[in-house]
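For the sequence shown, the working numbering begins at 81 and goes up steadily by one. Notes follow once the structure below has been shown.
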Amino acid sequence: MARIKKKRLVQMAPGFGGFKPFGVLCKKEDKILINIEEYEALKLCDYEDLTQAEAAKLMNISRPTFTRIYESVRSKIAQAFIEGLPIIYEGGDSLIAEWYTCDKCEIIFTLKDGGEMNCPLCRNKEITLNKFE
Ligand SMILES: [Zn+2]
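Written out as structure tokens, the structure is:
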């Protein structure tokens with residue numbers, strides 16, 4: 081079966097800035113940075129249960145590139161988890177703070193600065209701005 085609903089989540093940025101461990105006093109420089117690509121790779125494989133081949137296709141990257149990103153994010157999360165380090169999502173505040181929903185096909189997406197104000201999937205111009213507050 082096609083996973084039509086799963087595709088709606090492509091390009092969704094995290095709705096918050098990261099994670100902090102309990103009971104650890106962290107120095108400012110002690111942190112693990114996870115970029116949006118890594119976040120997306122982990123989400124598609126481990127949260128959406130897509131195969132790596134499916135996820136690579138959705139992200140429009142080659143399978144080896146996907147595997148590299150996916151292994152990188154898993155290793156970072158493991159390090160943060162074991163060493164008690166905070167995780168910070170990289171990618172810019174505006175990207176994390178707001179996202180859009182297409183009024184026609186209902187996919188959720190973010191817009192790049194200076195990018196066109198339309199849906200990346202169907203090009204519909206009726207889009208709704210959502211903000212994380
Ligand atoms: Zn659309």
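Glycine included, each C-beta is placed from N, C-alpha and C at the ideal position.
With a threshold of 8 Å, establish whether the CB of E186 neighbours any heavy atom of ligand 1.
In the sequence shown, residue 186 corresponds to position 106, counting from 1. It does: the Cβ of E186 is within 8 Å (strictly closer) of some heavy atom of ligand 1.
What residue from I187, L122 and Y180 has the CA that sits closest to K156's CA?
Here residue 156 refers to the residue found at position 76 when the sequence shown is read from its first residue. If we check each option's Cα against that of K156, L122 comes out closest.
Would you report the Cα separation of Y167 and V153, rounded to the nearest angstrom?
Position 87 of the sequence shown holds residue 167. Position 73 of the sequence shown holds residue 153. The identity of residue 167 in the sequence shown is Ile, whereas the question assumes Tyr. One C-alpha to the other measures close to 11 Å.
For I114, does the three-state DSSP call read helix, strand or coil?
The count along the sequence shown starts at 1 and reaches residue 114 at position 34. DSSP places I114 in strand when its eight states are reduced to three.
Report the partner residues of G98 according to the DSSP bridge assignment.
By one-based count along the sequence shown, residue 98 stands at place 18. In the DSSP output, where bridge partners are listed per residue, G98 has I168.
Answer yes or no: the CB of R154 versus the heavy atoms of ligand 1, is any distance below 8 Å?
If you number the sequence shown from 1, residue 154 lands on position 74. No, the Cβ of R154 stays beyond 8 Å of every heavy atom of ligand 1.
Can you tell me whether L209 sits near ligand 1, meaning its C-beta is under 8 Å from at least one heavy atom of the ligand?
Along the sequence shown, read from residue 1 onward, the residue named residue 209 stands at position 129. No; taking the cut-off as 8 Å, the Cβ of L209 has no heavy atom of ligand 1 nearer than that.
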